[in-house]
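Novice: Please find one structure pasted underneath; my questions will follow.
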Amino acid sequence: MDTFKPVKPLRHHIIICPFCDKAHRVPVDFDAIHRCECGACYKVCGNDSLENGVSDIADELWSEEELDFIRSVPIDFCNVVVEKNFDRLLDLKQNLDPNGIERFCKYDFSLQLSLVWVKRLF
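Its first residue numbered 126, the sequence shown is counted upward by one per residue in my numbering.
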């Protein structure tokens with residue numbers, strides 16, 4: 126008797142939180158900041174605006190007073206992970222269902238996208 130069953134191919138793509146390994150659906154709202162259950166936040170942004178993306182997430186994670194303090198002290202207060210080539214994952218997802226409802230829009234199609242994760246250390 127064969128105990129192995131055929132595995133169905135996945136019909137959707139996921140991203141994995143680099144801090145807790147939880148799976149999330151690929152974000153389709155590129156302006157939004159998304160949150161993982163472990164407290165990390167992530168956002169899609171252009172490779173040339175990574176600093177702005179991290180700053181947007183920091184505004185979500187800390188109050189204005191905390192940010193003023195953090196910026197005045199040369200200590201690391203968070204971990205940052207940048208996943209380059211996010212466009213490749215979007216291409217795979219779009220090719221899976223080219224007639225689907227979801228569409229990925231960028232203002233500048235030559236802009237390369239990254240997925241930025243930020244998590245507070247304490």
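Glycine included, every Cβ here is placed at the ideal spot set by N, Cα and C.
Beta strand (DSSP E) containing residue 140: first to last residue?
Specialist: Residues 139 to 141.
Novice: Spatial neighbours of residue 139 within its chain, please: C-beta separation below 8 Å, excluding the five flanking residues on both sides.
Specialist: Excluding sequence neighbours, residue 139 sits near 148, 149, 150, 151.
Novice: Work out the CA separation of residue 213 and residue 181 for me, nearest whole Å.
Specialist: Spanning the two alpha carbons is a distance of roughly 24 Å.
Novice: Looking only at C-alpha atoms, which of 158, 244, 215, 159 sits nearest to residue 203?
Specialist: Of the listed residues, the one whose Cα sits closest to residue 203 is 244.
Novice: Give the secondary structure of residue 164 by DSSP, where H, G and I count as helix, E and B as strand, and everything else as coil.
Specialist: Residue 164: coil per DSSP, three-state reduction.
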